[in-house]
Amino acid sequence: MRKILVVLLPVALFAVVLASASENNQRQSRPVIMISIDGLRPDYVFEAQRYGLKIPNLRMFVERGSYASGVHGVLPTVTYPSHTTLVTGVSPAKHGIEANTTFDPFERNLGGWYWYAEDIKVPTLWDAAAEAGITTANVHWPVTVGAHITYNLPQLWRTGTEDDRKLVRALSTPGLLASLERELGPYVDGISETIEGDENRARFAVRLLEQKKPGFMLAYFTALDHVQHETGPLSPQSFAVLERIDAIVGQLLQTAKAASSGRAVVAVVSDHGFVQTTHDVNLVTAFREAGLIQFESTQGQQEKVKSWDAEPWISGGSAAIVLKDPADAQVLSKVKTMLDKLTSDPANGIERVLDQREMHEMGGFSTAAFGISLKPGYKFGGNRSGALVTGTQVSGMHGYLPSLPEMRSVFFILGPGVVEGRQLGEIDMRDIAPTMARFLGISLKNAEGKALFPIN
Numbered sequence: 005m006r007k008i009l010v011v012l013l014p015v016a017l018f019a020v021v022l023a024s025a026s027e028n029n030q031r032q033s034r035p036v037i038m039i040s041i042d043g044l045r046p047d048y049v050f051e052a053q054r055y056g057l058k059i060p061n062l063r064m065f066v067e068r069g070s071y072a073s074g075v076h077g078v079l080p081t082v083t084y085p086s087h088t089t090l091v092t093g094v095s096p097a098k099h100g101i102e103a104n105t106t107f108d109p110f111e112r113n114l115g116g117w118y119w120y121a122e123d124i125k126v127p128t129l130w131d132a133a134a135e136a137g138i139t140t141a142n143v144h145w146p147v148t149v150g151a152h153i154t155y156n157l158p159q160l161w162r163t164g165t166e167d168d169r170k171l172v173r174a175l176s177t178p179g180l181l182a183s184l185e186r187e188l189g190p191y192v193d194g195i196s197e198t199i200e201g202d203e204n205r206a207r208f209a210v211r212l213l214e215q216k217k218p219g220f221m222l223a224y225f226t227a228l229d230h231v232q233h234e235t236g237p238l239s240p241q242s243f244a245v246l247e248r249i250d251a252i253v254g255q256l257l258q259t260a261k262a263a264s265s266g267r268a269v270v271a272v273v274s275d276h277g278f279v280q281t282t283h284d285v286n287l288v289t290a291f292r293e294a295g296l297i298q299f300e301s302t303q304g305q306q307e308k309v310k311s312w313d314a315e316p317w318i319s320g321g322s323a324a325i326v327l328k329d330p331a332d333a334q335v336l337s338k339v340k341t342m343l344d345k346l347t348s349d350p351a352n353g354i355e356r357v358l359d360q361r362e363m364h365e366m367g368g369f370s371t372a373a374f375g376i377s378l379k380p381g382y383k384f385g386g387n388r389s390g391a392l393v394t395g396t397q398v399s400g401m402h403g404y405l406p407s408l409p410e411m412r413s414v415f416f417i418l419g420p421g422v423v424e425g426r427q428l429g430e431i432d433m434r435d436i437a438p439t440m441a442r443f444l445g446i447s448l449k450n451a452e453g454k455a456l457f458p459i460n
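For what it's worth, this note's numbering labels the leading residue of the sequence shown as 5, then goes sequentially.
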């Protein structure tokens, strides 16, 4: 009898190990797709009936999945920092993508954005998935040029001409785009932010899901953001675009289910909300008048920066103020005096000036001496001379402090292991990446956020 017990005990332990391994493999085999709709506000989905919006697929996430009442975003509430937080679980000051565009006081980068994944300072979901042997795919997600993604169609543009497609072809997974284009026709230019561009990218995303069946996929759609900049939030044009994006979400959801035999977990996220805008605050003019930026004229071209001591790094409704020499107490005092004067006049549209401590606590603008956030209705403009405050041609903007309710973004999730009809309350954007990691059976050790719920 003793001998039998000695044999049965290891067998029982072995069974436990096998069960645990089976559970881990089951979790790892559960495909995860994260869809981003740039500029989607929570109220568009929750109050769709009041707005007359026909978005049955997004509404289905609320009725059959789990969802946040709102997502508290990052500083600044703009696309590239937010999307990098969505895949890392950390704030911009930690992941390194602190604006859409690089800080470029002499404009030598020709308006370049943070396109390159090598600028991300912490591990991403695709990095962790790759380490776990999970196949990954991407269509147009920001900051993915050179990313460790199996099937990668990164976001990049330069001229808006056909050469941009050649550039994306060269920077995508070798042979991938050419292969898909032979079947689907030309891939849209990276600079296109129209709904037709989104629908084009959706066809490529659907085919990638069908052909490659990735374990983790990212897909990003831009048209709602674009039309809200043009026509403002809550506009008929914005609603018309969102209804077409809802159809894209439905296509991806059905394809993901079919490609995974119903095992796929699908999440819909956004990067920020939107407010209506009526005025530009041309902050560079104030820095010029204070002698903090000097310009030189070039014949037939826009003035160029000749030298600078302090310069704004603009992100829509907010700006970081960067000093050439952070230790220069005289320049620091001069900038503070100027900002105090500007803030004292309500007509200048400045809501708040942040110091370094406040920016550190918010996790943004790590290299700046000050941060500025404008009031809703105002955005930073690009004029280099003339009036400080002018009218604007842009009808909607984001980039304001994440505490502004209108800057809330969305999180919806649907699939096996997701509780039906569960409202998660208001969440931190940094919680989304760890939640996706849990469904993938991986971990993000550097994440500042936490997984939102256990997997059933």
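Ideal Cβ placement from N, Cα and C applies to all residues, glycine included. Predicted, not measured: the structure shown is a model, and the values here were computed from it.
Other residues of its chain near residue i: CB distance less than 6 Å, five sequence neighbours each side excluded
{"i": "I417", "result": "G69, S70 and A271"}
{"i": "T177", "result": "Y155 and N156"}
Contacting residues, own chain, Cβ-Cβ under 7 Å from residue i (five flanking each side not counted)
{"i": "V78", "result": "P85, S86, T89, S95, P96, G367, G368, P406 and M433"}
{"i": "L456", "result": "L428, I431, D435 and T439"}
{"i": "R186", "result": "none"}
{"i": "N99", "result": "For clarity, residue 99 is His in the given sequence; the question names Asn instead. Closer than 7 Å at the Cβ level, and outside the excluded window around H99, lie T88, T89, T92, I124, K125 and V126."}
{"i": "L175", "result": "V149, P158 and L160"}
{"i": "V52", "result": "The residue you asked about is not Val; residue 52 is Ala in the sequence shown. Around A52: I59 and R63."}
{"i": "N113", "result": "T106"}
{"i": "R169", "result": "P190, Y191 and D193"}
{"i": "V245", "result": "I199, A227, L228 and V231"}
Own chain, CB closer than 8 Å to residue i, minus 5 neighbours either side, in chain order
{"i": "D131", "result": "H152"}
{"i": "E197", "result": "T226, A227, D229 and H230"}
{"i": "N387", "result": "D284, N286, V288, T289 and T394"}
{"i": "K216", "result": "T139, A141, T154 and Y155"}
{"i": "E362", "result": "G375"}
Residue i versus the options, residue with shortest Cα-Cα distance
{"i": "V268", "options": "G419, E365 and F110", "result": "Position check: residue 268 holds Ala in this sequence, whereas Val was assumed. It is G419 whose Cα lies nearest to the Cα of A268."}
{"i": "F291", "options": "L336, K261, L213 and G266", "result": "L336"}
{"i": "S463", "options": "Q215, Q280 and A209", "result": "The question about residue 463 has no answer here: the residues shown for the chain are numbered 5 through 460."}
{"i": "G295", "options": "G395, A314 and V414", "result": "A314"}
{"i": "G164", "options": "R34, D229 and I195", "result": "I195"}
{"i": "T81", "options": "N104, M64 and I59", "result": "N104"}
{"i": "P330", "options": "W312, I318 and T347", "result": "W312"}
{"i": "G56", "options": "P380, E362, G266 and P240", "result": "P240"}
{"i": "I249", "options": "A206, S265 and E166", "result": "A206"}
{"i": "R412", "options": "E67, R54 and S73", "result": "S73"}
{"i": "S389", "options": "I297, E365 and D359", "result": "I297"}
{"i": "P350", "options": "S319, R54, Y382 and T341", "result": "Y382"}
{"i": "W145", "options": "A133, Y120 and R162", "result": "Y120"}
Beta-carbon proximity of residue i to residue j, cut-off 7 Å
{"i": "V149", "j": "I101", "result": "no"}
{"i": "A223", "j": "V143", "result": "yes"}
{"i": "F415", "j": "V273", "result": "yes"}
{"i": "V393", "j": "H283", "result": "yes"}
{"i": "V285", "j": "F208", "result": "no"}
{"i": "H276", "j": "G400", "result": "no"}
{"i": "A324", "j": "G375", "result": "yes"}
{"i": "L62", "j": "V75", "result": "no"}
{"i": "M221", "j": "I37", "result": "yes"}
{"i": "H402", "j": "F278", "result": "yes"}
{"i": "V309", "j": "A372", "result": "no"}
{"i": "N352", "j": "L343", "result": "no"}
{"i": "A437", "j": "L444", "result": "no"}
Separation of residue j from residue i, as counted between CA atoms
{"i": "G453", "j": "G115", "result": "32 Å"}
{"i": "S377", "j": "S370", "result": "15 Å"}
{"i": "E410", "j": "N204", "result": "30 Å"}
{"i": "Q397", "j": "G321", "result": "15 Å"}
{"i": "T259", "j": "V210", "result": "6 Å"}
{"i": "T302", "j": "G395", "result": "27 Å"}
{"i": "A262", "j": "Q255", "result": "11 Å"}
{"i": "I138", "j": "P218", "result": "8 Å"}
{"i": "E135", "j": "L213", "result": "21 Å"}
{"i": "E293", "j": "P237", "result": "34 Å"}
{"i": "R426", "j": "L44", "result": "20 Å"}
{"i": "D202", "j": "V357", "result": "37 Å"}
{"i": "L408", "j": "E200", "result": "31 Å"}
{"i": "F65", "j": "V192", "result": "28 Å"}
{"i": "S348", "j": "G179", "result": "58 Å"}
{"i": "W117", "j": "F110", "result": "15 Å"}
{"i": "L257", "j": "S265", "result": "12 Å"}
{"i": "G189", "j": "A182", "result": "9 Å"}
{"i": "P380", "j": "D47", "result": "18 Å"}
{"i": "T128", "j": "A391", "result": "43 Å"}
{"i": "E166", "j": "D359", "result": "44 Å"}
{"i": "R31", "j": "E122", "result": "Because R31 carries a pLDDT of 44, less than 50, the predicted location of this residue cannot be relied on, and the following value inherits that uncertainty. Whole-angstrom Cα-Cα distance: 29 Å."}
For this session: Kindly provide the ranges of any beta strand (DSSP E) runs that are 3 or more residues long and lie completely inside the region 111-182, ordered along the chain.
Result: 140-143 and 155-157
Exercise. Where are the beta strand (DSSP E) runs, 3 residues long or more, that stay fully inside the region 250-282, in chain order?
Worked result: List check, beta strand (DSSP E) in window: 269-273.
Exercise. Where are the beta strand (DSSP E) runs, 3 residues long or more, that stay fully inside the region 306-371, in chain order?
Worked result: Within the region 306-371, the beta strand (DSSP E) runs of at least 3 residues that lie entirely inside it are, in chain order, 314-319, 322-327 and 354-358.
For this session: Starting from the N-terminal side, write out each stretch of the alpha helix (DSSP H) that is 4 residues or longer and does not extend beyond the region 370-415.
Result: Runs found: none.
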